[in-house]
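Trainee: Sequential numbering of the sequence shown, starting at 1, is according to UniProt numbering.
All C-beta atoms in this analysis are idealised placements derived from N, C-alpha and C, irrespective of residue type, glycine included.
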Amino acid sequence: MINLHAYNFTTTSTVNTLANLAPLYSSTPNNVVSVNSTVTSWLVAGARKNKLNLVLATYARTYTLASEDQRAVGARGTGPGEAGPNTKRAGILARYEICNQLGEYGAVSDAVTATTYFFKGRSWISIETEDTLVQKLTYVLDNALAGVGVFTLDLDDGDNTCGTGAYRISQLAYEYFTSG
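1. Considering only C-alpha positions, which residue in the set LEU4, LEU172, ASN16, ARG168 is nearest to SER67?
2. Grouping DSSP H, G and I as helix and E and B as strand, with all else coil, what is ARG95?
3. Which of the three DSSP states is assigned to THR62 in this structure?
4. Considering PHE118, what are the terminal residues of the beta strand (DSSP E) in which it resides?
5. Taking the alpha-carbon of ALA19 as reference, which of SER179, TYR25, ASN8 has the nearest alpha-carbon?
6. Report yes if the C-beta distance between ILE169 and VAL150 is below 7 Å; otherwise report no.
7. To the nearest angstrom, how far is the alpha carbon of PHE119 from that of GLY81?
8. By Cβ distance below 7 Å, which residues in the same chain neighbour LEU4 in space, the five residues on each side in sequence not counted?
9. Quick one: does GLY77 have its CB under 7 Å from some CB of chain D?
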């Protein structure tokens with residue numbers, strides 16, 4: 001099995017450029033790295049579909065905006081967002097550290113990339129929502145991939161802090177793959 005960790009498509013040279021955590025599709029011809037492009041690259045290289053698992057991220061990628069007025073994907077940031085109380089790592093928040101605060105943020109969803117980001121003041125957050133996760137689960141089924149994996153359970157909501165059920169990402173995948 002090949003576990004494709006198809007998220008976090010940034011490099012050290014783009015660390016201060018706002019980027020979605022896991023775009024399903026590319027938004028422009030110049031922005032070619034996405035879940036789909038990663039899967040396609042493996043298939044072109046000879047990997048079999050039934051040997052590919054798509055690994056879903058349970059955490060949020062965060063940035064500090066350089067300007068509150070420039071918050072679109074690709075805009076400049078001044079660095080990673082603040083560290084969470086448990087993760088203690090700038091630029092990364094566990095799902096349970098941010099889920100109950102997202103209602104205070106503005107949200108922008110992009111149907112082309114199947115992503116959503118959130119913003120408030122100079123804070124910018126990219127995290128998988130239930131909608132974006134369902135789109136990725138549908139992609140796995142539509143493309144006859146082997147299945148999904150979750151990275152990482154300790155950053156998911158194990159104690160139901162978010163109020164959607166413990167380990168919601170794993171539960172959603174289970175529900176999705178066993179309902180049909």
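Mentor: Here's the rundown:
1. ASN16
2. helix
3. strand
4. 115-120
5. ASN8
6. yes
7. 11 Å
8. THR38, VAL39, TRP42, LEU52, ASN53, LEU54, VAL55
9. Going by chain labels, chain D is absent from the structure shown, which holds only one protein chain.
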